[in-house]
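In this note's numbering, the protein residues as written are 731 to 1070.
Don't be surprised by glycine CBs; every beta carbon is placed ideally from N, CA and C.
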Ligand code: UT7
């Protein structure tokens, strides 16, 4: 086990929300030189959901959060902490505050966390520290992204991959007294960053020179569309993610055979299959919704988790290996138990 603290965590609820509009691969053929067959065989993606200009990340995230709270049987006012993992807030100052207001979680402190497609894994471990220390009892972790706003829709190397959505989980502190049968649902983790590969995947800010009358010159802020070296990200993920999972499993004192489900960031079906193969895990134990949702960045793990929980595949007591990876470059694996 990674720590021995007086409190542990329980994952007690999940929720998700997707925009209504569907863009399938056949429709993408109208935009760029590609084909349904190429996208499906290279990535596993058939369609993705896209937020319209009137839909906000805050709306999607709030819906997902309310569904997670309902499953956990908690009122918004019982939440102490909200962490929103996102790279695409509605507001550069952060969107967690707007979500806190929208769902009426008026006791909660709310903050954004940016770690791209690793955001949910990094957020899970971050939130767990507040609960394990006994500072907070009930927390909401949301992963949400609307990358469609930042995709270059003429770049076939990236625009075929991404979709929009939000997922959320409720985490609650449990006391780990000697007499108690409760145990910590966070079994082990490994979080990593490698900034020397930062250039491989970016949504970079740009500053257009703007001379002021005072004589000073400032940079007027904007962002470039997503740029990515797909092959390099692919190679990195297939090598680093299994390593991180093995390290997290070691800390959790678990073997791969004790994992009920492998739930990776939904980037590419070939990455999911390759990681499962490297770990020696049967592919039936992997969770994937790539075909319908594409890559929803920080939202992809909690959306797929929520779907699997509601389908009854993931059940209370099941052990999951979750792993995110992406820009930074960043990657992380978390071994958790679902439910009480
Ligand atoms: O959230 C994490 C972020 N990103 C990822 O996880 C991405 C990881 N990487 C990948 O998923 C894959 O690298 C991609 C799906 C992005 C690309 O697949 P690939 O098998 O690595 O293809 P490639 O880049 O090696 O390209 C192979 C060929 C090239 O043509 P030539 O040079 O062989 O003639 C590309 O120009 O496929 C071409 N190509 C396409 N063809 C049809 C690239 N994109 C497309 C496309 N449709 N959309």
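| query | result |
| --- | --- |
| Is it true that the segment 820–838 meets the segment 791–808, where meeting means three or more beta-carbon pairs spaced less than 8 Å apart? | yes |
| Quick one: what does DSSP say residue 737 is sitting in, helix, strand or coil? | strand |
| Among 976, 1030 and 1018, which one has its Cα closest to the Cα of residue 1009? | 976 |
| Heavy atom of the ligand UT7 less than 8 Å from the Cβ of residue 866, yes or no? | no |
| What I want to know is whether the C-beta of residue 1023 ends up closer than 8 Å to one or more non-hydrogen atoms of the ligand UT7. | no |
| Mapping DSSP to helix, strand and coil, what is residue 1068? | strand |
| Beta carbon of residue 860: closer than 8 Å to some heavy atom of the ligand UT7? | no |
| Please determine if the segment 763–777 and the segment 733–745 are in contact, where contact requires at least 3 C-beta pairs separated by less than 8 Å. | no |
| Just verifying my parser: in three-state terms, what is the DSSP assignment at residue 860? | helix |
| Can you list, in chain order, the residues of its chain with a C-beta nearer than 6 Å to that of residue 815? Leave out the 5 residues immediately preceding and following it. | 843, 849, 850, 853, 873 and 1028 |
| I want to see whether chain D comes within less than 9 Å of residue 743, judged by CB atoms only; does it? | This model lacks chain D altogether; it includes just one protein chain. |
| Report all residues from its chain with a CB closer than 6 Å to the CB of residue 896; omit the five preceding and five following residues, and keep chain order. | 747, 790, 791, 794, 874 and 1029 |
| State the beta-bridge partners of residue 777 as determined by DSSP. | 754 |
| Compute the Euclidean distance between the alpha carbons of residue 743 and residue 947, then round it to the nearest angstrom. | 50 Å |
| Kindly identify the DSSP beta-bridge partner or partners of residue 958. | 931 |
| Confirm the yes/no value for this check: CB of residue 706, any heavy atom of the ligand UT7, distance under 8 Å. | Since the first and last residues shown for the chain are 731 and 1070, residue 706 lies out of range. |
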